[in-house]
Structures are given as C-alpha cells and as structure tokens.
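Numbering (our numbering), first residue to last: 4 to 400.
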Amino acid sequence: MAGVQTAVALREQGWTGSITLLGAEPHPPYDRPPLSKAVLLGTAEDSAFAVDFGSLGIDVRLGTGATGLRAEERTVLTPAGEVPYDILVIATGAEAVALPGSEDVPGVHVLRTFDDAALLRPLLTERRRFVAVGAGWIGAEFATAAREAGCEVTVVEAAGQVLPGALPPEVAAPMAAWYEESGVRLLTGTPVTAVEAGAVVLADGTRLPADAVVVGIGARPATGWLAGSGVELAEDRSVRADDRLRTSLPGVYAVGDCASFPSARYGERLMVHHWDNALQGPRTVAANIVHGPEESPVYDPVPYFWSEQFGRFVQYAGHRAPGDELLWRGDPQGAAWTVCWLRGDVLVALLAVGRPRDLAQGRRLVEQGAALDREKARDAAVPLKAAVLTPAGRPVE
C-alpha cells in the first residue's frame, strides 16, 4: 500500500523522472484489509490495486525484494542485481511475529500476505477446527471469518484481556463477550507453551486439538535488510524518520508500517501499523520530494483504523496515553457505544462501536484539538460536535 501510493502520488504531484517499484512478492500489488475478509472467505479472488502502472510510467518489478542498501553508492541490492537510485523511499512494511518454537510445525499459519490467505481459505471451506493464538485485531477478524464459514474456533490469549496493549481492560471487557456470542471459545490469561502437529499445549498442560493454528501475536518492521546501511533505526526496529518522513541518510525516506515519526500533536514518536497511515504518509513523502520541505507540510496525522469483527464495525481515531481520562458514550453492553479519551478537556482519541457518526465528528475534533463539555459528551443522544466548548469554556449552543 505505502509503496504503491508513493509512486502514484509522485506522478500526481508532477514527478517526471523514472520510478521503479520493487516488491518481494510475485503478485501484483494488492490491498491488505480484504485478506482477512473477502479473500479469506472466497468471495473475492484477489485484492489487487486498480492502478495502471504502465500508463503512469512506473516500472514494477515483482519477486524482487530488497536485501541490502549501499548508501554511499546509492544502490539497493536485490537477488536480481543492483538497482541504482537518486531518491529512495523505504516502504518494506512489517512482518508477522512467529510464535517461538512453532516455525517448523506443520499446520501453523499467520495471516498477513495474499499467500497466507490463499493457504487458509480451503481450510475454512473444509470447516477445519482452528486454534487462534492471540486475541488482537487479527485474531478477532480471523475468528469472525472462520465462524462465518462454519468452523470451530478457539482463541487463546496470554494476557488477561482481549486487545492487550491496544485498549485498557475496562474498554476491552465488553468486547470479550462478542466471542461467546459468535460461538467462539475464548481463553484469556492462558499462555501457550508449545505447538505440536494437531494440538496447542497450554501452560497448565491442557492440550487443545487443532487441525490448524493461526498465530496473530503482532508484527514488527521489516527492516532487517537495512543492517549496516547507515539508516538509523528506533528501539522498536522501525526506521527513525523525521516529521517529513526523511531518514538519517540524504535522499532516503521511509513510509508506512516500517517507519516511525515524531508527533508534535501527541508529544511522542509514533509507529502506526494501519491502512490509513500507508495512505496518508506517501502524500507527504511525494510532496517533499517534488516540491521540497519549504513548500510541503509536516507529517502529523490523527491515526485512524477500523476493524470488522463479530458483526460489529469498530473504529478508532487518535492516540491515547495512560493518564488520559476515559469517558463513555452509551451502554457498552449494547450494540453501539463510544469511548472518548480526554487530556485535560481536549479530545485526543475515541473508539466507536457501531457509531460511525461519532467517529467522523470525533476525528475532526481531535484534528482541531477541540475541548469538550463532559456532561454533553457523555450523552449519546447529543452529537459529539455539539459537546465542543467555546474558547470561553462554554458549550456551543
């Protein structure tokens, strides 16, 4: 996504030089969200981008992954040979984290690439018995698709809640009930000690029979190929980009899942592994390449993502910190509700379940740095934009 969007944005903003797009996979560039939905369930054969690369003069080289970078020579190394550049945009994304000890066990899968989805799709058709390790976003979306296909599914999570690290326990708690409602067995606070052919072994010695195991315990930046290149990496192994997505090397940018950037809005460095970041970042990169930093904006977006799980549409915008105040809109036991996070009076993030209008209004308010009247914001019948305080500290009439 990030690589394709960068190439397209360069042309849209007037770049007339050559553009070469390298991709490690043999497939034409594709979108990832459908992999855990339509592609996995067989309702779509692929999710290739509808981009005419030929007419845009973009040289796409498939099956040609980057293996190294010689910055002093301005050359990218690939199995097919060296590729010279004047300007380089690193968009190698992230790779799924493997469950230790499961790498060579048959029947263990991850879900990140088209090939991953293609391997899993016939197993859903055959209604196999699955164990999913990890109750994060991928685990929830896979369990949703597998149940829709009529499969038996158990989800195992080492943490004591679903979506650990993403949401606080009080927000995640009502979401755990969605699993049981959908016929999924959920085991939290349950570490996996081993994966064997046909079974998952838990810390208490329990063996869960499994025809297939899907591991969804996170992703890490795909930056190993940059070792020794001089590109500075952050502690999380992301490419350490600045507020214009420039790296530590001249003429080299980084965008998407592989990069982190400083956010003045939130006062910290962010690494955002979501679709919208891979859409927005390339526009900043292209603008800086074509027009220069003097005429181009810095990159400081309001992070946004969505997830479709267990018959619900979940959306999140912003970025919260541990000390932010949590405010509920609506009943979390109901079909639709929202959680807002305030820093002082200012809205900094919100999670909306089945309330797209809250998300749309809230996202704009986060961008504006708007302050909210708490009483009005708690009332789910009041539009979120009507809870905004005026500069004088009064609600908007």
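Every residue, glycine too, gets a C-beta built ideally from N, C-alpha and C.
Are the CB atoms of residue 217 and residue 136 within a distance shorter than 9 angstroms?
yes
Which residues in the same chain as residue 302 place their Cβ atom closer than 7 angstroms to its Cβ, once the five residues preceding and following it in sequence are excluded?
246, 247, 248, 264, 284, 287
So residue 259 and residue 280 are supposed to be a Cβ contact under 8 angstroms. How far apart are they, rounded?
7 angstroms
Identify every residue that forms a DSSP beta bridge with residue 136.
159, 218
Which residue from 234, 262, 63 puts its Cα closest to that of residue 94?
262
Can you say whether residue 276 is buried or exposed, counting buried as having 16 or more other CB atoms within 10 angstroms of its CB?
buried
Please classify residue 395 as buried or exposed, where buried requires at least 16 other C-beta atoms within 10 Å of its C-beta.
Reliability of the predicted coordinates at residue 395 is poor, the pLDDT of 49 falling under 50, and the value obtained from them is presented with this limitation in mind. Result: exposed.
Using DSSP bridges, identify the partner residues of residue 318.
309, 355
Sort 24, 84, 48 by Cα distance to residue 62 and report the nearest one.
24
Rounded Cβ spacing between residue 191 and residue 206 (contact assumed at less than 8 angstroms)
So it is not a contact: roughly 13 angstroms between Cβ atoms.
Taking 9 angstroms as the threshold (C-beta atoms), are residue 222 and residue 138 in contact?
no
Per DSSP, cross-strand counterpart(s) of residue 182
Residue 182 pairs with nothing; no bridge assigned.
Locate the beta strand (DSSP E) running through residue 9, then write down its first and last residues.
Here residue 9 belongs to no beta strand (DSSP E); instead the alpha helix (DSSP H) covers 5-15.
Measuring straight from C-alpha to C-alpha, what distance separates residue 278 and residue 308?
7 angstroms
Among 109, 257, 305, 295, which has the Cα closest to the Cα of residue 267?
305
Kindly indicate which residue of 210, 367, 324, 198 has the alpha-carbon position closest to the one of residue 109.
198
Backbone secondary structure at residue 59 - three-state DSSP
coil
With H, G and I counted as helix, E and B as strand and the rest as coil, what does DSSP make of residue 35?
coil
Taking Cβ positions, are residue 251 and residue 233 nearer each other than 9 angstroms?
yes
Distance check for residue 117 and residue 141, CA to CA, integer angstroms please.
14 angstroms
For residue 224 and residue 19, the rounded distance between their alpha carbons:
30 angstroms
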